[in-house]
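Protein chains in written order, with full-length UniProt numbering: chain R, 1 to 146; chain S, 1 to 146; chain Y, 1 to 84; chain Z, 1 to 84. Each residue gets a CB set at the ideal place from its N, CA and C atoms; glycine is no exception. Data first, discussion second: the structure below is written as structure tokens.
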């Protein structure tokens, strides 16, 4: 169970390997990776966050996932700073005996992280900068976990 | 969109990187990795498959996923042969603009692969060999995709 | 009479004692083939004793016991699949 | 009167023109603080013009406008979060 907030890139495969090393009771690992998506003319993406609160919010979300599903291991990594199209933004990984728990917990982590962790995205392109709006569907996604 | 059936191990991180390289329209990548789980005294797991049919069955399952969700890329790798506890058995990866499609398609691939791809597992332990039974829950998992 | 390749996997392979064989058969369906083989030797009768635990593929496509054998090259018998 | 650290993120930071400041306030709730700041200078009034688009954290925990300020060290204002 770990949370990391960092400027540096990370290696999904190495993270999965570290999560599961020597853990033969794990049968299923689900990962989600978020990438900087260019829907047209994106030059860069600036990720701002709230140091201190970010780590606490992510740890609270992860603790909630651990209380709801039987997880052998979990991990949340989220970057901040300036990123280019195609760059990795974040990943979550969940490891469990069976696939159902791993899938559900990963989706739960993503849904909460999207609208409850203090990150904000500003896109820069040819027309200047634009703060990415939160979407109603992200807020609505939380309803299924109540 | 690719399917590989192989004896050799694979590298999840390298597979994700290859899937998304230069693809800036991808925002979300979900992976599932299946590992050899030891629920007590497992010495090895032998994975038998039906060469020829396996590739066709996996390709058909993947084609169905691609027809149901808007995927930018997908991958199924499944190993066969003798594996040890903790070894990787298989992975699926799905890449999409948004997380919902990537999650759903990965779960769909896993549900179908579990009970529609011709693989069979034999566990070897101190009491000899035992063919792993299919579970009713695996068959039931298909119902939600009808 | 036609000639078929018949394949067996997992515990069906172990009970029959072959992974693959060529069979001369007059059966019109997979079920007819099962009956013919079961009548032929005890090991087949044992392998096919509980058909609810047997799955079938015809020319590498999942099928069922009522599938016709006309024009078919290969039939495979195996237990429910356990991939993933 | 008490002394608070007030932080701003994303476009709230840009509109206020500060990422962090120390504020002397007599307000009893976050809403009172918003009103005080908005009355003080135009840039605050602009930043807080649409409170439905503003989220609040009190001592690094999500809160709402009615949250009391007694004993609080830090209040943060920001738009809805867009992580992931």
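Q: Return the chain-ordered ranges of every alpha helix (DSSP H) run that is complete within the segment 74-129 of chain S and spans a minimum of 4 residues.
A: 99-116
(Q) Could you check whether residue 95(S) and residue 19(S) sit closer than 8 Å to each other, using their CB atoms as the reference points? (A) Locating residue 19(S) in the second chain gives position 19, counting from the first residue. Locating residue 95(S) in the second chain gives position 95, counting from the first residue. For residue 19(S) and residue 95(S), yes; Cβs fall inside 8 Å.
Q. Where do the N-terminal and C-terminal ends of the alpha helix (DSSP H) with residue 24(S) fall, by residue?
A. Here residue 24(S) refers to the residue found at position 24 of the second chain. No alpha helix (DSSP H) contains residue 24(S), which DSSP labels as neither H nor E.
Q.
Only counting the same chain, and skipping five residues up and downstream in sequence, which positions put a Cβ closer than 6 Å to that of residue 46(R)?
A. As a first step, residue 46(R) must be located in the first chain, where it is residue number 46. Excluding positions up to five away in sequence, the list reads 82 and 122.
**Q.** Spatial neighbours of residue 138(R) in its chain, beta-carbon cut-off 7 Å, leaving aside the 5 residues before and after
**A.** Residue mapping note: residue 138(R) aligns to position 138 of the first chain, counting from 1. Only 114 and 115 meet the Cβ criterion.
Q. For the beta strand (DSSP E) that contains residue 2(Z), what are its first and last residues?
A. Position 2 of the fourth chain, counted from the first residue, corresponds to residue 2(Z). Here the beta strand (DSSP E) through residue 2(Z) covers 2-8.
(Q) So, under 8 Å CB-CB, residue 48(S) and residue 10(Y) are touching, yes? Tell me the CB distance rounded to an integer number of Å. (A) On the second chain, position 48 is the one that residue 48(S) refers to. On the third chain, position 10 is the one that residue 10(Y) refers to. That belief holds up - the Cβ atoms of residue 48(S) and residue 10(Y) are roughly 6 Å apart, short of 8 Å.
Q. Just reading off the alpha helix (DSSP H) that residue 54(R) is part of, what are its end residues?
A. Start at 1 with the first residue of the first chain, and residue 54(R) comes out as number 54. 53-68 is the span of the alpha helix (DSSP H), which, as asked, contains residue 54(R).
(Q) 8 Å is my cut-off, CB to CB: does residue 21(Y) come that close to chain S? (A) By 1-based counting over the third chain, the position of residue 21(Y) is 21. By this cut-off, residue 21(Y) is not an interface position.
Q. Which chain Z residues are close to residue 56(R), counting only those with a beta carbon under 8 Å from its beta carbon?
A. Within the first chain, numbered from 1, the residue matching residue 56(R) stands at position 56. Chain Z residues near residue 56(R): 60 and 61.
(Q) Going by C-alpha to C-alpha distance, which of 66(Z), 61(Z) and 17(Z) sits closest to residue 32(Z)? (A) For this step, residue 32(Z) is matched to residue 32 along the fourth chain. Ranking the options by Cα distance to residue 32(Z), first place goes to 66(Z).
Q. Whole-angstrom Cβ separation of residue 37(Y) and residue 78(Y), contact assumed at under 8 Å?
A. Here the question's residue 37(Y) lines up with position 37 in the third chain. Here the question's residue 78(Y) lines up with position 78 in the third chain. That belief does not hold up - the Cβ atoms of residue 37(Y) and residue 78(Y) are roughly 15 Å apart, past 8 Å.
Q) By how many angstroms is the C-alpha of residue 90(R) removed from the C-alpha of residue 7(Z)? A) Stepping through the fourth chain from its first residue, residue 7(Z) is reached at position 7. Stepping through the first chain from its first residue, residue 90(R) is reached at position 90. Going from the Cα of residue 7(Z) to the Cα of residue 90(R) covers about 25 Å.
(Q) Tell me which residues of the segment 1-20 of chain Z have at least one Cβ-Cβ distance to chain R shorter than 9 Å, keeping chain order. (A) 7, 9, 10, 11, 13 and 14
Q. For residue 68(Y), which beta-bridge partners are listed by DSSP?
A. The count along the third chain starts at 1 and reaches residue 68(Y) at position 68. DSSP lists 29(Y) as partners of residue 68(Y).
Q: With residue 14(S) as the anchor, note down where its alpha helix (DSSP H) starts and where it stops.
A: Position 14 of the second chain, counted from the first residue, corresponds to residue 14(S). Residues 12-20.
Q: Give the single residue among 45(Z), 24(Z) and 29(Z) whose Cα lies nearest to the Cα of residue 56(Z).
A: Residue 56(Z) sits at position 56 when you count from the first residue of the fourth chain. It is 29(Z) whose Cα lies nearest to the Cα of residue 56(Z).
Q. At a Cβ threshold of 8 Å, is residue 34(R) touching chain Z?
A. Translated into positions along the first chain, residue 34(R) becomes position 34. By this cut-off, residue 34(R) is an interface position.
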